[in-house]
Amino acid sequence: MKGWWGRILRVDLTNNKVWVQEYPEEVAKKFIGGRGLAAWILWNEAKNVDPLGPDNKLVFASGPFNGLPTPSGGKMVVAAKSPLTGGYGDGNLGTMATVHLRKAGYDAIVVEGQAKKPVYLYIEDDNVSILSAEGIWGKGTFETERELKKIHGKNVGVLSIGPAGENLVRYAVVMSQEGRAAGRPGMGAVMGSKKLKAVVIKGTKEIPVADKEKLRELSQEAYNAILNSPGYPFWHRQGTMAAVEWTNENSALPTRNFQDGSFEFARSIDGYTMEGMKVKQRGCPYCNMPCGNVVLDAEGQESELDYENVALLGSNLGIGKLNEVSVLNRIADDMGMDTISLGGAIAFIMEAKEKGLIKDDAAPEFGDFKKAKQLALDIAYRRGELGNLAAEGVMRMAQKLGDDSFAMHVKGLEVSGYNCYIYPAMALAYGTSSIGAHHKEAWVIAWEIGTAPIEGEKAKKAEYKITYDPEKAAKVIELQRLRGGLFEMLTACRLPWVEVGLSLDYYPKLLEAITGVKYTWDDLYNAADRVYALIRAYWVRELGEKWGRHMDYPPKRWFTEGLKSGPYKGQHLDREKYDGLLSEYYRMRGWDERGIPKKETLEKLGLDFVVPELEQVTKLE
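Reminder that position 527 of the sequence shown reads as 534 in this note's numbering, one-by-one numbering, no gaps.
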């Protein structure tokens with residue numbers, strides 16, 4: 008094989024064993040890599056397991072684009088059965104670990120079992136060691152990475168967890184490079200349950216490529232196209248932070264636990280304010296359009312910001328000072344917690360206090376930075392009744408309090424930074440995302456509104472009309488095929504295409520130069536549909552009788568309440584019309600009215616092996 012090694016590094020922490028598994032070329036071609044490879048492994052090996060038990064598999068998966076000079080191709084997928092949702096969980100991050108993993112001669116690492124005491128994994132090409140991590144257990148992710156680089160040298164990739172992962176916070180993430188996070192649905196907690204503090208990788212091999220010269224030529228062309236894009240200068244200044252102003256203008260900025268879509272202090276937390284505070288930029292490997300804007304926070308420490316962090320830890324908590332929001336963001340990164348879910352959990356506590364459901368004096372109210380900061384730390388260490396409760400995530404908190412009317416999650420995963428009272432397509436994207444309420448697979452709201460963040464005195468307010476046309480379902484699927492399929496399998500960052508307009512045609516050409524396999528767009532869309540159907544089948548198998556159409560519904564609040572301010576005041580989603588849009592989505596995907604892939608769909612996608620197992624838990628159409 009060219010472009011793939013066809014090798015998976017296997018680690019059993021219970022028995023202290025390491026070995027290499029070769030996987031078939033057919034699997035590489037069908038699932039490509041990254042999310043595709045991870046979903047295939049989890050379907051086959053993590054059946055009805057306890058997410059925090061020894062039988063769950065933690066997968067670190069790369070794709071053909073990794074370790075090679077491809078545009079923003081420095082990503083890695085981390086996947087496992089989720090302790091937050093009970094279904095499939097994954098996330099990607101930019102990290103040198105993906106470069107080193109590929110150069111060490113592997114496409115993925117699969118970790119199983121549980122160590123008796125804290126350990127970390129050190130991989131140097133074919134030499135793999137399971138080493139004691141007792142000296143770094145308990146440390147934050149920033150210090151952990153610095154310590155490990157002192158020991159193993161700066162030229163390594165490091166993945167680690169912080170106290171949140173060690174204490175099994177259900178939305179703990181895997182961190183790298185002091186600000187890069189992966190695995191919102193609790194991949195850090197899975198790592199913590201295995202007593203695995205870190206993975207350190209150093210690779211020196213040359214990755215086998217089909218046409219090295221063609222790869223170099225295409226990559227250079229793509230890198231130049233990115234730099235020469237008209238949108239590049241503004242992107243370089245603000246990155247994703249431009250979205251604060253844009254969402255605020257279009258009634259989509261999460262405000263006070265998604266009670267409203269615009270925030271009176273948005274100007275104090277937006278991209279322009281960030282520009283004045285910025286001290287440096289960070290990017291992922293092989294990226295020439297870095298999005299990591301680093302500021303000094305209210306405590307004088309560096310914090311790497313992007314839109315999602317600021318929306319969920321700022322306006323969503325009613326906090327309107329960017330330097331204070333930056334403190335909360337840094338704590339989340341250092342403790343190894345997902346910033347989005349952390350913001351969702353704290354906002355839920357704030358509103359529960361407002362409603363009189365929580366009477367604890369330690370619970371913060373909207374706008375209370377000091378108590379929010381203390382709660383964030385308490386969550387990471389599961390300290391006190393409140394910290395322990397919030398560490399469980401919004402879905403479980405709502406169940407415990409007996410009120411889910413203001414619980415902002417889908418399938419147990421907290422909603423990311425887009426408020427959808429008037430955006431049915433984006434609500435559908437959240438409803439049908441393969442991990443729960445996440446935007447990365449279909450950022451359809453930019454298309455739905457008809458404008459995206461642009462440079463100018465004011466972000467454009469769109470002339471927007473709420474519709475539920477079938478084309479909205481079609482657009483969600485199109486974007487899921489690209490963003491949640493193609494980019495997650497390659498594994499590459501979608502931002503060169505989304506933000507500065509890099510032509511999609513580069514991607515199949517680069518893939519062919521790397522692997523020698525000519526994929527048409529139909530082939531790539533089929534591969535994406537295959538992965539989506541497999542992940543959906545995983546959810547149905549793992550949830551059994553709990554699975555139902557209701558799992559693809561957005562939060563109740565968007566149906567029952569209206570926006571509190573702005574030109575769309577009082578408006579909200581129509582449940583019946585959303586239902587029609589969801590049915591249209593299912594029809595287009597070849598899934599039944601319960602959201603389960605039909606037998607013929609699975610067979611057409613080459614997922615025949617899924618049918619017998621699914622038929623054990625449900626009747627397939």
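Even glycine gets a Cβ: it sits at the ideal position worked out from N, Cα and C. Computed from a prediction, not measured in an experiment: that's the story for all the values here.
Scanning the segment 188-259 from its first residue to its last, the whole beta strand (DSSP E) runs of 3-plus residues come out as 203-209.
Checking the DSSP bridge columns, you'll see V126 partnered with S139 and L203.
When secondary structure is reduced to three states using DSSP, P561 falls in the coil class, being assigned neither helix nor strand. Between L588 and L435, the C-beta spacing is below 9 Å. Judged by DSSP in its simplified three-state form, L65 adopts strand. With a 10 Å radius around the Cβ and a threshold of 16 neighbouring Cβ atoms, E213 comes out exposed.
With fewer than 16 neighbouring CB atoms inside 10 Å of its own CB, F616 falls in the exposed class.
Within the segment 361-447, the complete alpha helix (DSSP H) runs of at least 4 residues fall at 376-387, 391-397, 401-408 and 431-439.
The alpha carbon of A534 has as its nearest neighbour, out of G169, K626, S572 and Q487, the alpha carbon of Q487. Across the set K37, A453, G101 and A499, the C-alpha of A453 shows the shortest separation from the C-alpha of K479. Under the DSSP definition of a beta bridge, N99 partners with V84. Between G101 and A68, the C-beta spacing is not below 9 Å.
For K287 against T211, the beta-carbon gap comes to about 29 Å, at or over 8 Å, which does not count as contact. Within 10 angstroms of the beta-carbon of R594 lie fewer than 16 other beta-carbons, which makes it exposed. Annotation for A115: the continuous beta strand (DSSP E) segment containing it runs A115 to E119.
Per DSSP, the continuous beta strand (DSSP E) segment holding R17 begins and ends at R14 to D19. Counting the other CB atoms within 10 Å of its CB gives I158 a total below 16, which places it among the exposed residues.
Under the DSSP definition of a beta bridge, Q28 partners with I15. Within the segment 540-605, the complete alpha helix (DSSP H) segments at least 4 residues long are 564-567 and 582-596, listed from N- to C-terminus. The shortest C-alpha to C-alpha distance from R289 to any of G98, G193 and M103 is the one to M103. Apart from the 5 residues on each side of it in sequence, A354 sits with its Cβ closer than 6 Å to the Cβ of N264, N323 and L324 in its chain, given in chain order.
With respect to the 9 Å criterion, M404 and A370 are not classified as neighbours on the basis of their beta carbons.
Between K124 and E150, the C-beta gap is not smaller than 9 Å, which leaves the two residues out of contact. Cβ-Cβ distances below 6 Å link F376 to I326 and E331 in the same chain, with the five nearest sequence neighbours on each side left out; the list follows chain order.
Counting C-beta atoms within 10 angstroms of its own C-beta, S139 has fewer than 16 neighbours from the protein chains shown and is therefore classed as exposed. Going by DSSP, V505 is part of the alpha helix (DSSP H) stretching over L502 to V507. DSSP, read as helix, strand or coil, puts R289 in strand. Between V27 and D57, the alpha-carbon positions lie close to 25 Å from each other.
Here DSSP, grouped into helix, strand and coil, assigns L49 to helix. Of the residues Y314, R548, Y388 and K576, the one whose Cα lies closest to the Cα of E620 is R548.
According to DSSP, residue pairing for V56 in a beta bridge does not occur. Per the Cβ contact rule, the segment 571-587 is not in contact with the segment 504-517 (fewer than 3 Cβ pairs under 8 Å). In the three-state reduction of the DSSP assignment, M182 falls in the strand class, which pools E and B. Residue environment for E152: buried (at least 16 other C-beta atoms within 10 angstroms of its C-beta).
In the structure shown, the three-state DSSP call for S348 is helix. With respect to I429, Y592 sits apart: the two C-beta atoms are not nearer than 9 Å.
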